[in-house]
Amino acid sequence: MPPTNLKSRSLSDPWDQMRAALDAFPSEYLASLNSFETSTSDVMEEACTQERLRLYNDELKLKMERFFEEECRVFTPDDPGLLALEDALQTMDLKTLDSDLDSVTTT
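For the sequence shown, the positions run 10 to 116 when the numbering used here is used.
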């Protein structure tokens with residue numbers, strides 16, 4: 010005697026059985042599942058968009074750097090103040106500066 014769960018099976022088209030199984034789910038549930046589906050073209054389009062955005066951001070960064078180097082100069086290249094500032098930055102002891110800042114913030 011075959012198991013009871015196999016008695017109701019028929020040898021009809023398996024696609025009909027699949028459609029019947031899908032129809033048993035609420036339509037909102039299936040729609041929510043379909044919302045997660047992405048096609049290969051969507052993935053490729055998103056990758057192209059991300060690449061375009063990255064290139065745009067890189068170009069914008071370069072334009073901004075050039076603008077600030079050329080248009081917003083605080084010092085001229087041969088300014089003695091710039092030379093003194095660069096010299097001071099090179100000789101500055103960052104560890105001492107950090108410990109000084111720590112002592113100021115703890116009191």
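Cβ atoms here follow ideal geometry from the backbone N, Cα and C, with glycine treated the same way. Predicted, not measured: the structure shown is a model, and the values here were computed from it.
7 angstroms Cβ shell around residue i - same chain, five flanking residues per side excluded
| i | result |
| --- | --- |
| D22 | none |
| Q59 | none |
### Query
In chain order, which alpha helix (DSSP H) runs of at least 4 residues are fully inside the stretch 15 to 51?
23 to 32 and 36 to 43
### Task
Scan the stretch 50 to 105 and note each continuous alpha helix (DSSP H) run of 4 residues or more that stays entirely inside, going in chain order.
The stretch 50 to 105 is shown to contain whole alpha helix (DSSP H) runs of 4 or more residues at 89 to 100, in chain order.
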